[in-house]
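Protein chains in written order, with the numbering used here: chain Y, 1 to 394; chain B, 395 to 788. Input: a single structure, listed below in C-alpha cells.
The structure is reproduced here in C-alpha cells:
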C-alpha cells in the first residue's frame, strides 16, 4: 500500500512496556514449563469483586435479558446514576462536583490515552519515571515532552522550579505515584496548582491510587484551591474496586476549566460522543455498587489485604538494607536494584534465578534506570512465597 | 488557561449528530410531557439479549466473585476464546482468518473513531451520506476529505471513477450501508478492491450490518480476492446481537496488510495496548456466546423481528408513493422527504405533528439533504403505532 502511516509510532518503543514484559515471561515459561512463576509485576489485582458489586451486576445482567428492562445505548458520559455516584464519592474529600462535570469511561488508561485528542501542540511536562501512557500517547502525536525527574534527592516528588520559564504547559501528575508510590502533600500540590495558574497551564491529575492513601494527603487535586480552573482529574475503579478486568473510570472536567471561554468539558464530550459509545450498562451498575457504603467497605478490606502484602515486601527490603519508597500509601514498592544492577538485568535475574516477575524501573523512563517495581496485588501466599525466594538471592 | 486546544474541533459541528437530536427531543418532551414519543431515529435495538448470552454473562459475573476464577486485566486484543470465536464466525463467509488477525474492542464506533491514530495524512474518500464518525474522526485530525456522493442515480452505491486520479487513499465503505441501507454486490466490491490495489489505497470496510443481508451479497470484504492486502474490516455485535448497551466489536487487520513491510496490525496493537485496556471479561463471554450456534440462532430471530418492522415501514412508503431504499438487507429505511421538504424540516414536522422521531438525512452529509432515515429497531407495537400516526400526515 502507498498510504502513509503515523510515523511517530516509530519514535517510541516497538511495544508497550507491559507487552514487552509479557512476551519475555511467556518465552521463559515456554522454555521452563515446570517452573512456577510468581508475578509481582503488572499492577493487576487478584481479589474477587465485592459481593455488593457482584449482586448489582447479576441484577443488571438479568435486566438485559428482559424486554421491559433491557437497555440499549447508554449516554456516552455515563448514566446519571453513576455520574451522581462519582460526584457523591468526591464529598468524602470535601470536594463538591456536579454530576455533569463527571465523564465516566472504560478506565483511566483510555481517558488518559485519549485526552491529547482535544489538545493542541503544547509543551508537555511529564515526571520520569512514570506510567508509560502519559509519554506514549503524547509521542504518538509528536508532542514535545520535557521531563520532571523524580529521584532520591527530591523524594521522587518533582516540584516546579525556575528552569520552567514557559507558559501553557500540559503537566501530568500522579499521586500516589505509579511506579514510585510517593505521594504529594497538600502544600506540594498547592505549589503545582499555583504554578499552573500562574503560567496558564493545565494539570492532568491521575488519582487512580487515591484509595490507598494513609495519612493526611490529598485524594483529589480539587482539594487544592484554584484547581478547578487548571486541572482535569482522572480516577479509576481498577485498583480501588478491583475492576482491572471489568473496566470503569472517570474524568472530571470542571465547568471552570476553559480556554478562551471554551469549556474543555464540551471538547471532551464531543470527543467521546464521536469515538466512544459508553461503558456497558452491567459495568455501570457494578461501579455504582462499588461506591455504596457497603461496596466501599468491601473494597477497603481488599485494599487492606494488599497493603498487608506491601508491608511484608517492605520488611524484606529493610532486612536486606535495600533503599525503597512506596508501600505506605501505595501498593507499589519502588526499590533500588541491589549491587548497582541495571533494571532489566535485575528483571532477568529475578525471573531466571527465582521465577519472580517484577517491573524494571527503566521501563517507566530513564529516571527509573537502576530501580525496580514490585506490586502487592498478589495473593498473600504468592507474596510470601516470592519473599521467601527473593530472600535467598538478595 | 493559555494552553492550545485542538482547533480542528471548531471545524466540525458543535455536537455529534445524535447528541443534537437527543437534545431537540428532550426539549420537545419537556414542553410536551403528555405526548408519547416513538423513536425510530437512533439505530438502537430494543429486543433483550439472547438467553445464551445472558447465561454466559451470569456465569462470568459469578466467576468474577470467586478468587479461583476471578480475572484481572485481559489481553488488550481480547482473550483467545473470543478472537477464535470471531475467526470461526468468518468461516460462514468462506473467509479464513487466524485469531491473531482479530482485535476485539468495545465496538465499531471506538475502532473506527480511533483508527486514524495509526495513519498519516492521506487523502480520504468517504461516502456521503454516511455514518458521521468516519468524517468527524478525520476532521478532528485535520485530514482532507473528498466525498463519494451516493444518490438515486447510482443507487446510493458510489463506485470508483476517473476523477479519482491519486494514490494512497484511505477509502471508507459501509455495506449494508448506514444510513441508506444500500448493499454492494460482489462485482461492485471487487471494483473497489481492484481500485485500492491499483492505487495502493487502504479500504476501511464497516460490516456492522452484515447480519441483515438478504440475498447473495458479500458479508465481508475478504470474500473479494486481494482484499487482505488492502482492507481493514470492522464488525460489531451491536446490531447483530443487540450489544448496543453491552459494547463489543472487532477489527480485522490481516497479516498481508502492510506498508513498507510494516504490518498495520502491529501499529493497531501498539495503539490499543497504549490507550485501551480491553473489553470486560463478562462482555467477552457474552460475545463468545453470541457466536455459538444457539446464540446466532437467537440473534437471527431478533433480526427477523426487526426486518418485520422494516417491511411494514416499507409498505407505508410504497402506499404513499414515497421513494426509498433499504429495508431489505438493512434495518434502515432511507426515504425521500415528501413535498420536497428539507431533512430537518421533516424531522421537526414528524416530531411536532405526530411525535415520531427519525433521523434527518442531512445529518449524514450534504448528500443526505432532502432524505430521512427511519430505523426498524423499535418494538412491533411502537412501529405499528408510528406507522398509524405517519399515515395521517404523509
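No residue lacks a Cβ here, since even glycine has one placed at the ideal position from N, Cα and C. This structure is a prediction, so every number in the text was calculated from the model and none was measured.
For this session: For chain Y, find out if any of its Cβ atoms is closer than 9 Å to the Cβ of residue 615 (chain B); answer yes or no.
Result: Taking the second chain and counting its residues from 1, the one referred to as residue 615 (chain B) is at position 221. No, its Cβ sits nowhere closer than 9 Å to a Cβ of chain Y.
Exercise. At least one CB of chain B closer than 9 Å to the CB of residue 280 (chain Y): is that the case?
Worked result: For this step, residue 280 (chain Y) is matched to residue 280 along the first chain. Chain B, which has a Cβ nearer than 9 Å to the Cβ of residue 280 (chain Y), makes this yes.
For this session: With residue 705 (chain B) as the anchor, note down where its beta strand (DSSP E) starts and where it stops.
Result: By 1-based counting over the second chain, the position of residue 705 (chain B) is 311. No beta strand (DSSP E) contains residue 705 (chain B), which is instead part of the alpha helix (DSSP H) from 687-714.
For this session: Go ahead and pull the three-state DSSP assignment for residue 72 (chain Y).
Result: Residue mapping note: residue 72 (chain Y) aligns to position 72 of the first chain, counting from 1. In the structure shown, residue 72 (chain Y) falls within a coil segment according to DSSP collapsed to helix, strand and coil.
Exercise. How about residue 526 (chain B): is its C-beta nearer than 9 Å to some C-beta of chain Y?
Worked result: In the second chain, the residue the question calls residue 526 (chain B) occupies position 132. So yes, residue 526 (chain B) belongs to the interface.
Problem set entry | Interface partners of residue 215 (chain Y) on chain B, CB under 8 Å | Sequence index remark: in the first chain, residue 215 (chain Y) carries index 215 (1-based). None at all; the shortest Cβ gap to chain B is about 27 Å.
Exercise. Using a Cβ cut-off of 9 Å, which residues of the stretch 19-33 of chain Y contact any Cβ in chain B, in chain order?
Worked result: So the list reads 19, 22, given in the order they occur along the chain.
Exercise. By how many angstroms is the C-alpha of residue 113 (chain Y) removed from the C-alpha of residue 104 (chain Y)?
Worked result: Residue mapping note: residue 104 (chain Y) aligns to position 104 of the first chain, counting from 1. Residue mapping note: residue 113 (chain Y) aligns to position 113 of the first chain, counting from 1. Looking at the two C-alpha atoms, the distance is approximately 15 Å.
Exercise. Nearest chain B C-beta to residue 165 (chain Y) closer than 9 Å, yes or no?
Worked result: Here residue 165 (chain Y) refers to the residue found at position 165 of the first chain. Residue 165 (chain Y) is outside the set of residues whose beta carbon lies under 9 Å from a beta carbon in chain B.
Exercise. Under a three-way DSSP split, which group does residue 566 (chain B) fall into?
Worked result: Position 172 of the second chain, counted from the start, is the residue given in the question as residue 566 (chain B). When secondary structure is reduced to three states using DSSP, residue 566 (chain B) falls in the strand class.
For this session: Give the secondary structure of residue 233 (chain Y) by DSSP, where H, G and I count as helix, E and B as strand, and everything else as coil.
Result: Along the first chain, read from residue 1 onward, the residue named residue 233 (chain Y) stands at position 233. Looking at residue 233 (chain Y) - three-state DSSP - the assignment turns out to be strand.
Problem set entry | Min CB distance residue 398 (chain B) to chain Y below 9 Å | Residue mapping note: residue 398 (chain B) aligns to position 4 of the second chain, counting from 1. Chain Y contact via Cβ: present.
For this session: Can you tell me which of the three DSSP states residue 547 (chain B) falls into?
Result: Here residue 547 (chain B) corresponds to residue number 153 of the second chain, with the count starting at 1. Residue state, collapsed to three classes: coil.
For this session: Note down, in chain order, each residue of its chain lying with its Cβ closer than 7 Å to the Cβ of residue 61 (chain Y), except the 5 sequence neighbours on either side.
Result: As a position in the first chain, residue 61 (chain Y) is number 61, starting the count at 1. Apart from sequence neighbours up to five positions away, the residues of its chain that approach residue 61 (chain Y) with a beta-carbon distance below 7 Å are 282, ordered along the chain.
Problem set entry | CB contact below 9 Å: residue 178 (chain Y) versus chain B | As a position in the first chain, residue 178 (chain Y) is number 178, starting the count at 1. The Cβ of residue 178 (chain Y) sits no closer than 9 Å to any Cβ of chain B.
Exercise. Can you name the residues that DSSP bridges to residue 202 (chain Y)?
Worked result: Numbered from 1 along the first chain, position 202 holds the residue referred to as residue 202 (chain Y). Looking at the DSSP assignment, residue 202 (chain Y) forms a beta bridge with Y:170.
Exercise. Given a threshold of 16 other Cβ atoms within 10 Å of its Cβ, counted over all protein chains shown, does residue 554 (chain B) qualify as buried or as exposed?
Worked result: In the second chain, residue 554 (chain B) corresponds to position 160, counting from 1. With a threshold of 16 other beta carbon atoms within 10 Å, residue 554 (chain B) meets it and is buried.
For this session: Can you grab the Cα-Cα spacing for the pair residue 35 (chain Y) / residue 21 (chain Y), in whole Å?
Result: Residue numbering aside, residue 35 (chain Y) sits at position 35 when the first chain is read from its first letter. Residue numbering aside, residue 21 (chain Y) sits at position 21 when the first chain is read from its first letter. Rounded to the nearest angstrom, the two C-alpha atoms are 17 Å apart.
For this session: Find out if the Cβ-Cβ distance for the pair residue 15 (chain Y), residue 674 (chain B) is shorter than 9 Å.
Result: Here residue 15 (chain Y) refers to the residue found at position 15 when the first chain is read from its first residue. Here residue 674 (chain B) refers to the residue found at position 280 when the second chain is read from its first residue. Contact: no.
Exercise. Name the DSSP bridge partner or partners of residue 471 (chain B)?
Worked result: Here residue 471 (chain B) corresponds to residue number 77 of the second chain, with the count starting at 1. For residue 471 (chain B), which the question treats as bridged, DSSP gives no partner whatsoever.
For this session: Output, in chain order, the set of chain B residues within a Cβ distance shorter than 7 Å of residue 114 (chain Y).
Result: Here residue 114 (chain Y) is taken as the residue at index 114 of the first chain, counted from 1. Per Cβ cutoff of 7 Å: 669.
Exercise. First and last residue of the alpha helix (DSSP H) that includes residue 40 (chain Y)?
Worked result: Here residue 40 (chain Y) is taken as the residue at index 40 of the first chain, counted from 1. First-last for residue 40 (chain Y): undefined, no H or E at that position.
For this session: Flag this pair as yes or no: are the beta carbons of residue 517 (chain B) and residue 563 (chain B) separated by less than 9 Å?
Result: Walking along the second chain from the start, residue 517 (chain B) turns up at place 123. Walking along the second chain from the start, residue 563 (chain B) turns up at place 169. Yes, these two residues count as a Cβ contact at 9 Å.
Exercise. Between the stretch 122-146 of chain Y and chain B, which residues of the former have a C-beta closer than 7 Å to a C-beta of the latter?
Worked result: Hits within the stretch, in order: 122, 133, 136, 137, 140.
For this session: Quick one: list the residues of chain B neighbouring residue 47 (chain Y), beta-carbon separation under 8 Å, in chain order.
Result: Along the first chain, one-based indexing puts residue 47 (chain Y) at 47. Going along chain B in sequence order, the residues near residue 47 (chain Y) (Cβ under 8 Å) are 461, 464.
Problem set entry | Span separating the alpha-carbon of residue 296 (chain Y) from that of residue 76 (chain Y) | Counting from 1 along the first chain, the entry for residue 296 (chain Y) is found at position 296. Counting from 1 along the first chain, the entry for residue 76 (chain Y) is found at position 76. Cα to Cα, residue 296 (chain Y) sits roughly 25 Å from residue 76 (chain Y).
Exercise. Under a Cβ-count criterion, where at least 16 other Cβ atoms within 10 Å of its own Cβ denotes burial, should residue 10 (chain Y) be classed as buried or exposed?
Worked result: Indexing the first chain from 1 puts residue 10 (chain Y) at position 10. The residue is exposed, with fewer than 16 neighbouring Cβ atoms inside 10 Å.
Exercise. Whose CA, out of B:527, B:686, B:613, lies closest to the CA of residue 475 (chain B)?
Worked result: Along the second chain, read from residue 1 onward, the residue named residue 475 (chain B) stands at position 81. With respect to the C-alpha of residue 475 (chain B), the residue from B:527, B:686, B:613 having the closest C-alpha is B:686.
Problem set entry | Element boundaries [alpha helix (DSSP H), containing residue 336 (chain Y)] | As a first step, residue 336 (chain Y) must be located in the first chain, where it is residue number 336. Judged by DSSP secondary structure, residue 336 (chain Y) falls outside any alpha helix (DSSP H) and instead within the beta strand (DSSP E) spanning 332-336.
Problem set entry | Same chain, Cβ closer than 7 Å to residue 538 (chain B), five either side skipped, listed in chain order | Against the second chain, residue 538 (chain B) aligns to sequence position 144. Result list for residue 538 (chain B): 517, 518, in chain order.
Exercise. In terms of alpha-carbon separation, which member of B:589, B:400, B:627, B:748 lies closest to residue 532 (chain B)?
Worked result: Within the second chain, numbered from 1, the residue matching residue 532 (chain B) stands at position 138. If you compare the alpha carbons of B:589, B:400, B:627, B:748 with that of residue 532 (chain B), the shortest gap goes to B:400.
Exercise. Pick from B:655, B:665, B:700: whose alpha carbon is nearest that of residue 510 (chain B)?
Worked result: Working through the second chain from its first residue, we reach residue 510 (chain B) at position 116. Nearest to residue 510 (chain B) by C-alpha distance, out of B:655, B:665, B:700, is B:665.
For this session: Report the rounded CA-to-CA distance for residue 369 (chain Y) versus residue 147 (chain Y), giving the unit in angstroms.
Result: The residue labelled residue 369 (chain Y) in the question sits at position 369 within the first chain. The residue labelled residue 147 (chain Y) in the question sits at position 147 within the first chain. Straight-line Cα distance between these residues: approximately 14 Å.
For this session: Please list the partners that residue 106 (chain Y) has in chain B, where partner means a Cβ-to-Cβ separation under 7 Å.
Result: Here residue 106 (chain Y) refers to the residue found at position 106 of the first chain. Chain-order list of chain B residues neighbouring residue 106 (chain Y): 500, by C-beta distance under 7 Å.
Exercise. Should the stretch 42-62 of chain Y be called in touch with the stretch 183-202 of chain Y, which here means at least 3 C-beta pairs below 8 Å?
Worked result: Judged by Cβ distances under 8 Å, the stretch 42-62 of chain Y makes no contact with the stretch 183-202 of chain Y, as fewer than three pairs qualify.
Problem set entry | Three-state secondary structure (DSSP) of residue 522 (chain B) | Start at 1 with the first residue of the second chain, and residue 522 (chain B) comes out as number 128. For residue 522 (chain B), the secondary structure class from DSSP, reduced to helix, strand or coil, is strand.
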